[in-house]
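Asker: I am attaching a structure below and will ask some questions about it afterwards.
Number of protein chains: 2
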Amino acid sequence: MNLWKHARGGVTAPAGYRACGVAAGVKPGRNDMALLVSDADATVAGVFTTNRIQGAHVKLCRERLKDRRARAVVVNAGNANACNGPQGVRDARRMAALTAGALGVAERTVFVCSTGVIGRPMPMDKIAKGIRLAAQSLSRAGGAAAARAILTTDTTDKQVALEFSIDGRRARIGGMAKGAGMIEPSLATMLAFLTTDAAVAAGALQAALAAAVEHSFNRITVDGDQSCNDTALFLANGAAGNRPLTRTHRQWPVFVRAVEAAALALALKVAEDGEGATKFVTVNVRGAASAADAHAAARAIANSLLVKTSWFGEDPNWGRIIDAVGYSGARVAEEKVDIRFDELLVVRRGRMASAKSPAELRKALGKKRFSVNVDLRLGRAADTVYTCDCSPDYARINSEYTT
Amino acid sequence: MNLWKHARGGVTAPAGYRACGVAAGVKPGRNDMALLVSDADATVAGVFTTNRIQGAHVKLCRERLKDRRARAVVVNAGNANACNGPQGVRDARRMAALTAGALGVAERTVFVCSTGVIGRPMPMDKIAKGIRLAAQSLSRAGGAAAARAILTTDTTDKQVALEFSIDGRRARIGGMAKGAGMIEPSLATMLAFLTTDAAVAAGALQAALAAAVEHSFNRITVDGDQSCNDTALFLANGAAGNRPLTRTHRQWPVFVRAVEAAALALALKVAEDGEGATKFVTVNVRGAASAADAHAAARAIANSLLVKTSWFGEDPNWGRIIDAVGYSGARVAEEKVDIRFDELLVVRRGRMASAKSPAELRKALGKKRFSVNVDLRLGRAADTVYTCDCSPDYARINSEYTT
Chain R
1 MNLWKHARGG VTAPAGYRAC GVAAGVKPGR NDMALLVSDA DATVAGVFTT NRIQGAHVKL
61 CRERLKDRRA RAVVVNAGNA NACNGPQGVR DARRMAALTA GALGVAERTV FVCSTGVIGR
121 PMPMDKIAKG IRLAAQSLSR AGGAAAARAI LTTDTTDKQV ALEFSIDGRR ARIGGMAKGA
181 GMIEPSLATM LAFLTTDAAV AAGALQAALA AAVEHSFNRI TVDGDQSCND TALFLANGAA
241 GNRPLTRTHR QWPVFVRAVE AAALALALKV AEDGEGATKF VTVNVRGAAS AADAHAAARA
301 IANSLLVKTS WFGEDPNWGR IIDAVGYSGA RVAEEKVDIR FDELLVVRRG RMASAKSPAE
361 LRKALGKKRF SVNVDLRLGR AADTVYTCDC SPDYARINSE YTT
Chain F
404 MNLWKHARGG VTAPAGYRAC GVAAGVKPGR NDMALLVSDA DATVAGVFTT NRIQGAHVKL
464 CRERLKDRRA RAVVVNAGNA NACNGPQGVR DARRMAALTA GALGVAERTV FVCSTGVIGR
524 PMPMDKIAKG IRLAAQSLSR AGGAAAARAI LTTDTTDKQV ALEFSIDGRR ARIGGMAKGA
584 GMIEPSLATM LAFLTTDAAV AAGALQAALA AAVEHSFNRI TVDGDQSCND TALFLANGAA
644 GNRPLTRTHR QWPVFVRAVE AAALALALKV AEDGEGATKF VTVNVRGAAS AADAHAAARA
704 IANSLLVKTS WFGEDPNWGR IIDAVGYSGA RVAEEKVDIR FDELLVVRRG RMASAKSPAE
764 LRKALGKKRF SVNVDLRLGR AADTVYTCDC SPDYARINSE YTT
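Read top to bottom, the protein sequences are chains R and F. Going by the numbering used here, the first sequence opens with residue 1, and the numbers climb by one from there. Going by the numbering used here, the second sequence opens with residue 404, and the numbers climb by one from there.
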């Protein structure tokens, strides 16, 4: 039984949030700034990149997160404000200050996120103009515009909204994300913003976000490059009027499931929109000797360029899959490995399963969505990573991006 | 001062070796089998893939290496004989037995290598016919034909020959290699064959090969996919008539340098011929806190798809380079990092170096060969990895290969 159901909209689906997307002029000809505002102080949770090089906004958000209070998140696309030294941090602070001033809220409740090119000075005149415009453009209906304004090489916006009941009151979770390249599962990938009108205690909110990220954003990969700006923020403003959720609340599991579902829905949209991707692939590994082995094997398959290009070619080249398992570091006994494309057994005990014609095998990979299912038959651990194929367009997009 | 000089030819440049390339018919329309024979028993050294999935020939070679004696190496392209279960191992043994029979040498002195598609049964009728033909085609001039016959997606053959003096006698090292995809530095990448007419004690030969591989084949990368068939073999037949080299021989350093030079020359040819590559890039990392950090940072840069595609686009997108350093696991302080394209300083203390126009930066990347030089300014360790750019052709080639 589902403890939640889908709802319409995105970050402004929960009560008490407004948002907008406006053109600050950093990316010519399109909206490139989003503003998300909670009508009342919200508790906030955050998860950030583990990259040792970190964008200026990551430093700012980490610091602000100590108070666990948020009113607004301002996001710009087109410039990552990373590797800009102390000036970058000053610029991120100024973005927050300008937003706080325009909204009339406390500066320490404003969070900032930037995405785009690394190492370019922030065009603060454009940013300042964008913030003034954004503060005047907020609306309950603005979630979709915000979701579009944060995109870079993405081809579609990524939104989610779910509805569930807590203490007999209707509550919602909304979300938006961006990301198509520099996507690698390692603690919060790309930018993701979740909102809820449920009241949630700060520690519990952080726990719910961290757990959800682990099985969603940390389980997708496009190209194995981990961004230095990856950030997921989760605001809970309590507008639903429930008794604040903690881990001892009777309906805590309902909330946790809903958060996981929302995060996973956004993460899958990111993997599906991988740069140049034509196929969405779920890689399941089971029978591993340990959880770490299951994850390593699934991730090696999902990150293998040779595997991903073979998927693009609809080539049932399972040799590249078992090769990737072999170098993943996971324990593996060649003579035990089974591999299936969806339900179709292609490798049985480490060797090509008989009676499969190349045409049959190709058909399995001809679909837009399929799964690769590896059974190592060594233990009971399992894991799943979501990814996409790699087409010549990936290289084209990324050789043309930036300059 | 160079202790060696270049010579003409490849694996048959040293005295006492014959080779050939013939068409066994595994790859239609071209030569796909090479045979390399020493006129006398040679000592032999070998280094193999660390992939936990290993081709049948790796198992056979590892076992035969215990005797440290070799007369012949038979190589087929077009079928990797990997993941073929016990039948694969039987087929590899049969290849050795057929070769030994045709040459009239002891079976345990015959080594086998296979490269090509994983998981396809070996077409042993074609292989047997090829071996008979190869045994009749051997010649001193056959090194070049052998070097061409072992290629798969390579665009050019890869040969080397060096000359040096030991005990007042002229000695040579010759070599050939194949490899263009599934190239990742982790103990012997692709197939490489080295020969020498120097007399070398078995233990010393293994030490020289292992050391040379570490700084050559283990320092190149094309796509980060580590093959399950990677093998480097080194035969020393003593035809030069020197006193057998050991680590205490006065001229041991001469030999070691020559082996390193030969291995590096072959490795660089492999990196340069990376599938779809248009540029050859040397990634130098210095100032690292440890040797492991230097290696991790250089390897992360060289393996980053975003970095490699930006090189193809001649886009001076140094943000992707510092981002890769950040997730490499190496200790890094953003505010200390310097990055140069060749001599041109583009990042100074973690920020864009001023006074460089985009045109100047692009010019640096417009060359066919350039270096990326990262100084972490944290310590004294350094490392170098050789790689290539990634073009849309990489994905095209690998989505079309196989079926």
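Beta carbons: idealized from backbone N, C-alpha and C, even for Gly.
1) What is the DSSP secondary structure of Gly350(R), counted as helix, strand or coil?
2) Report the neighbours of Phe312(R) on chain F: residues whose CB is nearer than 7 angstroms to its CB, in chain order.
3) Taking the C-alpha atoms as reference points, what is the distance between Asp444(F) and Cys516(F)?
4) What runs of the beta strand (DSSP E), each 3 residues or longer, lie entirely inside the stretch 43 to 127 of chain R?
5) May I have a chain-ordered list of the beta strand (DSSP E) segments no shorter than 3 residues that lie completely inside the stretch 223 to 280 of chain R?
6) Do you know how far the Cα of Val686(F) is from the Cα of His618(F)?
7) Which residues share a DSSP beta bridge with Arg170(R)?
8) Using the beta-carbon count (16 or more within 10 Å), is Gln136(R) buried or exposed?
9) Which residue marks the beginning of the alpha helix (DSSP H) containing Val728(F), and which one marks its end?
10) At the level of alpha carbons, what is the spacing between Gly174(R) and Leu194(R)?
11) Would you kindly work out how many angstroms separate the C-alpha atoms of Leu541(F) and Phe514(F), rounded to a whole number?
12) Is Ile220(R) close to chain A, meaning its C-beta is less than 8 angstroms from at least one C-beta of that chain?
13) Mind checking if Glu737(F) is an interface residue toward chain R, Cβ cutoff 8 angstroms exclusive?
14) Which residues of the stretch 692 to 713 of chain F have a Cβ closer than 7 angstroms to any Cβ of chain R? Give them in chain order.
15) Return the first residue and the last residue of the beta strand (DSSP E) that Ile339(R) is part of.
16) By the DSSP assignment, the beta strand (DSSP E) with Thr384(R) in it spans what residues?
17) Going by DSSP, what residue range makes up the beta strand (DSSP E) through Thr598(F)?
18) Comparing C-alpha positions only, which one of Ala537(F), Glu803(F), Gly722(F), Thr558(F) sits nearest to Asn51(R)?
19) Compare the Cα-Cα distances from Ala80(R) to each of Met190(R), Leu205(R), Arg250(R) and report the closest residue.
20) Taking only beta carbons into account, state which residues of the stretch 480 to 502 of chain F come closer than 9 angstroms to chain R, listed in chain order.
21) With 8 angstroms as the threshold, decide whether the Cβ of Tyr789(F) is near any Cβ in chain R.
22) Any Cβ of chain F within less than 8 angstroms of the Cβ of Asp323(R)?
23) Would you mind working out which of Phe280(R), Asp157(R), Gly179(R), Ala199(R) sits nearest Thr231(R), comparing C-alpha positions?
24) Whose C-beta lies closer than 6 angstroms to the C-beta of Gly424(F) among residues of the same chain, with five residues either side of it excluded?
25) Does the beta-carbon of Ala544(F) have 16 or more other beta-carbons within 10 angstroms, so that it is buried, or is it exposed?
26) Below 8 angstroms on C-beta distance, what does Pro526(F) contact in chain R?
27) Taking three-plus beta-carbon pairs below 8 angstroms as touching, is the stretch 274 to 281 of chain R in contact with the stretch 378 to 394 of chain R?
28) Between Val117(R) and chain F, is any beta-carbon pair separated by less than 8 angstroms?
29) With DSSP collapsed to three states, give me the class of Asn31(R).
30) Could you spell out the range, first to last residue, of the alpha helix (DSSP H) harbouring Phe312(R)?
31) Who are the Cβ neighbours of Ile800(F) in its own chain at under 7 angstroms, not counting the five residues just before and after it?
32) First and last residue of the alpha helix (DSSP H) that includes Glu398(R)?
33) Would Arg622(F) and Ala700(F) qualify as a contact pair, given that the criterion is a beta-carbon distance under 8 angstroms?
34) Which same chain residues, not among the five before or five after Ala694(F), have their C-beta less than 6 angstroms away from its C-beta?
Answerer: Let me lay it out:
1) coil
2) Ala798, Ser802
3) 19 angstroms
4) With a minimum length of 3 residues, the continuous beta strand (DSSP E) runs that stay inside the stretch 43 to 127 of chain R are 69 to 79, 110 to 117.
5) Within the stretch 223 to 280 of chain R, the complete beta strand (DSSP E) runs of at least 3 residues are 231 to 236.
6) 13 angstroms
7) Ser165(R)
8) exposed
9) 721 to 730
10) 6 angstroms
11) 16 angstroms
12) Here the protein chains are R and F, and chain A is not one of them.
13) With 8 angstroms as the cut-off, Glu737(F) counts as an interface residue toward chain R.
14) Answer set for the stretch 692 to 713 of chain F: Ser707, Leu708, Leu709, Thr712, Ser713.
15) 338 to 341
16) If you look at Thr384(R), you'll find it in the beta strand (DSSP E) that goes 381 to 388.
17) 594 to 599
18) With distances taken between Cα atoms, Asn51(R) lies closest to Gly722(F).
19) Met190(R)
20) Ala483, Ala485, Cys486, Asn487, Gly488, Pro489, Gln490, Gly491
21) no
22) yes
23) The option with the nearest alpha carbon to Thr231(R) is Gly179(R).
24) Asn434, Ala437, Ala548, Ala549, Arg551, Ala552
25) exposed
26) Those do not exist, as Pro526(F) stays about 14 angstroms from chain R at its closest Cβ, beyond 8 angstroms.
27) yes
28) yes
29) coil
30) 305 to 312
31) Taken in chain order, the residues that qualify are Thr556, Glu678, Gly679.
32) Residue identity check: residue 398(R) is Asn in the sequence provided, not Glu. Unbroken alpha helix (DSSP H) run through Asn398(R): 392 to 400.
33) no
34) Ala784
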